[in-house]
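Have a look at the structure below before the remarks.
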Amino acid sequence: MRNKKVLLMTEIAIFAALGFVLDFISFRMPQGGSVSFVMIPIVLIAFRRGVGAGVLTGLLVGLLQIVSGFISVTPLSFGFVILQVLLDYLLAYGVVGLAGIMRAKYIEHAQAKHTGKMLLTIVAGVLIASVLRYFVHVVTGILFFGMFADGNVVIYSIIYNATYMIPVFLLAAFVCSALFAAAPKLVDAKA
């Protein structure tokens, strides 16, 4: 039993470190935000080990970004900066792990050898993760970046965050689908 816990913790740490490193392979959008591979390891561990492992991996990715100083914050008072960092990094990456709610359906389709349904399940998991992360970024945009808005801050935040989250979703959905289709054993934690 102890070895299984150690293996799980090791996998979470490795996937979190991989997510942190893959975030450096990014395309910076002109108005801010970036399109990177950061969500892929989080989604992979969520499908491999479940929601808990996925959320923990996402939280660790956010924590690594915070402690390394690779974050963007607004010039507000200290208390607001802490709240913004918690939302924009810990929560935003933590919710990506909720892609794991599609794990049981994926395994069911994999065992039945329904490749098309497997791929749809992966895309659905990535979509859930992307929408939740997008929602968190929209909220932080409204709360903390309204000073940059020309006009309605809600519309500004919705559009601004969509400019990079839509490409992030498409990239993660494509890469995860290709990875899982090519190597379905990646999701098998017993393998």
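Following my numbering from start to finish, the sequence shown increments by one per residue and tops out at 433.
Just so it is clear, CB atoms sit at the ideal spot from N, CA and C, and this is done for glycine as well.
query: Check for me: the alpha helix (DSSP H) holding Phe289 runs from which residue to which?; result: 281 to 291
query: Could you have a look at Phe269 and say whether DSSP puts it in helix, strand or coil?; result: strand
query: Counting Cβ pairs closer than 8 Å, one from the segment 392 to 399 and one from the segment 353 to 372, do we hit at least three?; result: no
query: If we count the other Cβ atoms within 10 Å of its Cβ and call it buried at 16 or more, is Gly358 buried or exposed?; result: exposed
query: Using the DSSP secondary-structure output, state which residues sit across from Ser278 in a beta bridge.; result: Ser268
query: Along the chain, where does the alpha helix (DSSP H) containing His379 start, and where does it finish?; result: 357 to 386
query: Taking Cβ positions, are Gly339 and Gly300 nearer each other than 7 Å?; result: yes
query: On a Cα-Cα basis, can you pick out the residue from Val368, Ala295, Val280 that is closest to Ile254?; result: Ala295
query: Can you tell me whether Gly393 is helix, strand or coil according to DSSP?; result: coil
query: The alpha helix (DSSP H) spanning Ala346 covers which residue range?; result: 345 to 353
query: Please classify Phe269 as buried or exposed, where buried requires at least 16 other C-beta atoms within 10 Å of its C-beta.; result: exposed
query: Assess contact between the segment 324 to 341 and the segment 305 to 312, defined as three or more Cβ pairs (one per stretch) separated by less than 8 Å. Is contact present?; result: yes
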